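Asks: Below is the structure I would like to discuss, written out as structure tokens.
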Amino acid sequence: MSPSLEDIASKLVILTARVDKAETRADNADARLVEADARTAKVEADNASLRERTTGVEANNAAVRSENADLKAEIEVLRAKVGKGPNAAADDGELMMRYSSRWRALLFVGGCTSTVFGVYGYAHNDERLSWFSVTLWAFSSVCLFGAAFGNPRNSRSWKEKLFIGICGLLFGVAALFEGLQLIAVVKNQATFNLGWTLVVGGITLMIVMPPAFIGANHLYSKLPDRHVSNTVKTTFKSIPQIAGSTLFVASASTRCLMKANLNDEPVAETCGNPTMPSFLVSVFLMFAWFLGYLIPPLLTGKTITWTDVMAIRMSKVEGTQFMLFGTLATFTLILFANTNEDGGDFNLFLQYLTAGLFITIISLFSLVIYESVAKPLLFPSNKTSNHELTTNPDSFNVNDTGALSIGSV
Numbered sequence: 000m001s002p003s004l005e006d007i008a009s010k011l012v013i014l015t016a017r018v019d020k021a022e023t024r025a026d027n028a029d030a031r032l033v034e035a036d037a038r039t040a041k042v043e044a045d046n047a048s049l050r051e052r053t054t055g056v057e058a059n060n061a062a063v064r065s066e067n068a069d070l071k072a073e074i075e076v077l078r079a080k081v082g083k084g085p086n087a088a089a090d091d092g093e094l095m096m097r098y099s100s101r102w103r104a105l106l107f108v109g110g111c112t113s114t115v116f117g118v119y120g121y122a123h124n125d126e127r128l129s130w131f132s133v134t135l136w137a138f139s140s141v142c143l144f145g146a147a148f149g150n151p152r153n154s155r156s157w158k159e160k161l162f163i164g165i166c167g168l169l170f171g172v173a174a175l176f177e178g179l180q181l182i183a184v185v186k187n188q189a190t191f192n193l194g195w196t197l198v199v200g201g202i203t204l205m206i207v208m209p210p211a212f213i214g215a216n217h218l219y220s221k222l223p224d225r226h227v228s229n230t231v232k233t234t235f236k237s238i239p240q241i242a243g244s245t246l247f248v249a250s251a252s253t254r255c256l257m258k259a260n261l262n263d264e265p266v267a268e269t270c271g272n273p274t275m276p277s278f279l280v281s282v283f284l285m286f287a288w289f290l291g292y293l294i295p296p297l298l299t300g301k302t303i304t305w306t307d308v309m310a311i312r313m314s315k316v317e318g319t320q321f322m323l324f325g326t327l328a329t330f331t332l333i334l335f336a337n338t339n340e341d342g343g344d345f346n347l348f349l350q351y352l353t354a355g356l357f358i359t360i361i362s363l364f365s366l367v368i369y370e371s372v373a374k375p376l377l378f379p380s381n382k383t384s385n386h387e388l389t390t391n392p393d394s395f396n397v398n399d400t401g402a403l404s405i406g407s408v
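Read in order, the letters of the sequence shown are residues 0 to 408 in numbering that gives the first Met the number 0.
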């Protein structure tokens with residue numbers, strides 16, 4: 000049975016509707032394509048604009064680089080004119096360190112003086128040379144301090160550590176051979192006791208001083224460049240003064256030793272006074288210089304108030320250091336007052352004073368080294384320092400040269 004005309008007409012209507020719908024979809028697709036083309040054209044235009052801008056920026060950068068090159072050339076010309084070009088002279092810091100290296104070599108030679116006298120005197124059984132070694136020990140110690148602390152910034156290299164360790168070792172070597180020679184003489188009890196004191200002290204110094212020197216230089220190396228530079232300059236400027244002072248104090252004992260006739264009596268009886276008092280006064284001067292110039296840079300930023308100073312308020316450690324230093328100064332003053340420049344016996348009273356001074360200086364030195372060097376290395380603290388929290392106008396702090404600065408916190 001063939002379909003009717005009505006069925007055919009309905010199918011045509013359905014097909015026509017489908018065709019119209021397809022055409023509508025095609026028109027929408029064309030519109031989307033046109034919109035996409037427009038967007039693409041806009042993006043290409045933006046890219047072209049960006050390329051033009053980039054080209055302009057690159058041109059500006061090239062011009063700036065060219066100007067910078069011209070300025071650098073002008074600066075080099077000006078530096079050459081004033082004598083600070085790379086081929087003319089180093090800057091202040093480099094010049095200071097260059098002079099420092101030369102002075103350190105000279106100071107090291109001076110630091111070996113006491114050791115040379117001590118070793119030579121022991122090898123040739125010469126009591127006079129051994130006592131010369133005792134007399135010059137403080138002078139040599141000052142020189143060794145200057146040589147060891149002359150370049151803290153480079154203290155982490157193995158060569159520098161070796162040099163610093165040798166400087167520390169020489170402290171004990173000189174005392175050790177001085178003591179061995181005095182023990183070998185055994186002409187009286189005073190000489191024997193002093194010899195054993197120097198032997199024990201020398202061995203202790205040989206063990207303690209190398210790591211103490213290396214540790215202190217390590218702490219110095221952590222300080223700012225300006226701080227390190229000022230510390231080195233200040234220390235080197237002070238060395239001629241303290242070294243000259245120790246030599247001046249030792250001059251009386253040197254004259255007595257040169258005149259002494261060792262065939263008749265031992266040195267302890269003919270020149271024990273002024274030799275031992277002069278030696279101990281020189282040690283006190285050296286130790287005071289050590290506390291005044293080498294320790295303060297490690298205390299930078301420590302805040303103190305005038306009220307605390309006037310009321311003598313301090314921590315237990317600071318109070319102990321204060322009392323020990325006062326005791327040390329008292330012993331030294333009494334020894335200096337009893338010095339006989341014409342030569343005399345190292346009597347029992349002077350022996351007791353010497354023993355008290357040795358005990359005091361060893362105690363103070365141990366406490367200072369522990370608080371200023373060992374404690375910061377073994378127990379580092381990340382706490383904020385007091386000067387960062389204090390705004391008291393009555394306070395002052397230790398600045399980067401180790402001096403006191405008022406009203407800076």
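All C-beta atoms, glycine included, are put in the ideal place defined by N, C-alpha and C.
Quick caveat, the model's predicted, so the values are computed rather than measured.
Can you grab the Cα-Cα spacing for the pair residue 15 / residue 33, in whole Å?
Replies: 27 angstroms
Asks: Strictly by DSSP, which residues pair up with residue 272?
Replies: 343
Asks: Between which two residues does the alpha helix (DSSP H) containing residue 121 stretch?
Replies: 112-122
Asks: For residue 210, which of helix, strand or coil comes out of DSSP?
Replies: helix
Asks: Within its chain, find whatever has a CB closer than 8 angstroms to the CB of residue 341; leave out the 5 residues flanking it on each side and keep chain order.
Replies: 255
Asks: Can you tell me whether residue 52 is buried or exposed? The criterion is at least 16 other CB atoms within 10 Å of its CB, across all chains shown.
Replies: Exposed is the call here.
Asks: Put residue 85 into one of helix, strand or coil per three-state DSSP.
Replies: Bear in mind that a pLDDT of 43 at residue 85, under 50, signals an unreliable position, so the model cannot answer this.
Asks: Is residue 395 helix, strand or coil when you go by DSSP?
Replies: In this predicted model, residue 395 has a pLDDT of only 42, less than 50, meaning its place in the structure is not dependable; the value taken from the coordinates is given anyway. In this structure, residue 395 counts as strand in the three-state DSSP scheme.
Asks: Run the CB neighbour count on residue 130, radius 10 Å, all protein chains shown included, and call it buried at 16 or more, exposed below.
Replies: Buried.
Asks: From what residue to what residue does the alpha helix (DSSP H) around residue 293 run?
Replies: Careful: residue 293 lies outside any alpha helix (DSSP H) and carries neither H nor E.
Asks: Buried or exposed for residue 13, going by 16 or more other Cβ atoms inside 10 Å?
Replies: Exposed, because fewer than 16 other Cβ atoms sit within 10 Å of the Cβ of residue 13.
Asks: Just curious, the alpha helix (DSSP H) that residue 375 is in, first and last residue?
Replies: 374-377
Asks: Less than 7 angstroms between C-beta atoms, sequence neighbours within five positions excluded: which residues of the same chain meet that for residue 253?
Replies: Excluding positions up to five away in sequence, the list reads 134.
Asks: For the alpha helix (DSSP H) containing residue 239, name the first residue and the last one.
Replies: 224-258
Asks: Taking the straight line between their C-alpha atoms, what separation do you get for residue 412 and residue 212?
Replies: No statement about residue 412 is possible, as the shown extent of the chain runs from 0 to 408 and does not include it.
Asks: For residue 104 and residue 116, I'd like the C-alpha separation in whole angstroms.
Replies: 19 angstroms
Asks: Looking only at its own chain, which residues have a Cβ that is under 6 angstroms from the Cβ of residue 205, when we skip the five neighbours before and after it?
Replies: 168 and 171
Asks: Do the stretch 230-244 and the stretch 262-272 make contact, defined as three or more Cβ pairs closer than 8 angstroms?
Replies: no
Asks: Using the three-state DSSP reduction, which class does residue 311 fall into: helix, strand or coil?
Replies: coil
Asks: Out of 226, 372 and 148, state which residue places its alpha-carbon closest to the alpha-carbon of residue 102.
Replies: Of 226, 372 and 148, the residue nearest in Cα terms is 148.
Asks: Mapping DSSP to helix, strand and coil, what is residue 38?
Replies: helix
Asks: Using only the alpha-carbon positions, how far apart do residue 328 and residue 314 sit?
Replies: 21 angstroms
Asks: Residue 173: buried (16+ other C-beta within 10 angstroms of its C-beta) or exposed?
Replies: buried
Asks: Going by beta-carbon coordinates alone, are residue 163 and residue 209 separated by less than 9 angstroms?
Replies: Going by beta carbons, residue 163 and residue 209 fall inside the 9 angstroms limit.
Asks: Quick check for students: name the residue ranges of the beta strand (DSSP E) that lie wholly in the stretch 2-64, counting only runs of 3 or more.
Replies: none
Asks: Could you check whether residue 155 and residue 99 sit closer than 9 angstroms to each other, using their CB atoms as the reference points?
Replies: The answer is no: Cβ separation not under 9 angstroms.
Asks: To the nearest angstrom, how far is it from the Cα of residue 372 to the Cα of residue 214?
Replies: 6 angstroms
Asks: Kindly confirm or deny that the stretch 276-291 and the stretch 138-147 touch, where touching means at least three C-beta pairs closer than 8 angstroms.
Replies: yes
Asks: Whole angstroms is fine: what's the gap from residue 374's alpha carbon to residue 56's?
Replies: 57 angstroms
Asks: So the candidates are 11, 20, 358 and 41; which of them puts its Cα closest to the Cα of residue 200?
Replies: 358
Asks: Reducing DSSP to helix, strand and coil, say where residue 192 ends up.
Replies: helix
Asks: When the Cα atoms are used, what is the spatial distance from residue 86 to residue 75?
Replies: A caution first: residue 86 carries a pLDDT of 42, below 50, which makes its placement in the model unreliable, though a value can still be read off. The alpha-carbon atoms of residue 86 and residue 75 are separated by roughly 10 angstroms.
Asks: Using the beta-carbon count (16 or more within 10 Å), is residue 275 buried or exposed?
Replies: It is buried - the Cβ of residue 275 has at least 16 other Cβ atoms within 10 Å.
Asks: Check residue 331 in the structure and name its three-state DSSP category.
Replies: Assignment of residue 331 by DSSP, reduced to helix, strand and coil, places it in the helix class.
Asks: Kindly indicate the opening and closing residues of the alpha helix (DSSP H) around residue 127.
Replies: 126-134
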